[in-house]
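In my numbering, the protein residues as written are 4 to 190.
Each residue gets a CB set at the ideal place from its N, CA and C atoms; glycine is no exception.
Small disclaimer: the values here were computed from a predicted structure and weren't measured.
Worksheet: one structure, shown below.
Structure, rendered in structure tokens:
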């Protein structure tokens with residue numbers, strides 16, 4: 004997923020015909036988070052017995068994963084997230100890097116990395132506090148893995164608007180993208 008998403012956003016960034024991007028999920032939820040099995044596979048592939056070399060290899064793995072979120076943030080096209088149902092872990096990393104976030108009423112958000120012994124450092128800890136402007140709520144959600152519902156997400160400014168369901172959320176995001184596409188790309 005990480006390679007595909009990075010490649011996708013790099014391509015979208017270069018394509019002069021694209022003026023705005025809508026990022027949405029197609030399954031029962033926006034995202035279930037990091038595929039812990041593939042992540043463990045990457046960690047197991049760190050072969051060296053030398054602690055320093057292992058640290059460099061781990062640095063490369065984390066840098067690769069962070070590159071995905073950065074590819075979203077660096078995209079020069081406005082990126083609109085249309086979130087429905089669950090948005091867990093790496094999903095929050097990714098949507099925190101988008102420009103505009105819409106969600107459905109059934110959406111919920113969970114910074115869940117703490118439950119598997121990881122820091123939410125693929126983007127959440129960098130972008131989330133800047134979006135909500137409240138370090139205390141950022142720390143609370145990060146340290147506890149507490150679920151945040153759509154109304155709280157709107158109240159703290161994490162999402163711009165809440166819509167009745169997934170379809171209306173996605174449609175609103177597409178309409179916004181169409182409007183943005185009619186404007187100057189210089190904004």
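Specify the secondary structure class of residue i as computed by DSSP and reduced to three states.
i	result
residue 104	strand
residue 64	helix
residue 89	strand
residue 181	helix
residue 19	coil
residue 172	helix
residue 189	coil
Note down, in chain order, each residue of its chain lying with its Cβ closer than 6 Å to the Cβ of residue i, except the 5 sequence neighbours on either side.
i	result
residue 24	15, 80, 82
Shortest alpha-carbon distance to residue i belongs to which of the options?
i	options	result
residue 119	102, 107, 93, 111	93
residue 184	5, 21, 130, 12	21
residue 108	166, 141, 114, 115	166
residue 5	34, 19, 17	34
residue 8	145, 143, 100, 148	100
residue 17	142, 190, 186, 74	74
residue 170	97, 84, 13, 147	84
residue 178	105, 28, 89, 52	105
Got a sec, what are the start and stop residues for the beta strand (DSSP E) residue i sits in?
i	result
residue 121	Premise fails: residue 121 is in no beta strand (DSSP E) and is neither H nor E.
residue 146	Careful: residue 146 lies outside any beta strand (DSSP E), inside the alpha helix (DSSP H) at 138 to 147.
residue 115	Premise fails: residue 115 is in no beta strand (DSSP E) and is neither H nor E.
residue 31	Looking at the DSSP string, residue 31 is not in any beta strand (DSSP E), and its letter there is neither H nor E.
residue 158	Segment 153 to 158 is the alpha helix (DSSP H) holding residue 158; no beta strand (DSSP E) there.
Only counting the same chain, and skipping five residues up and downstream in sequence, which positions put a Cβ closer than 7 Å to that of residue i?
i	result
residue 13	74
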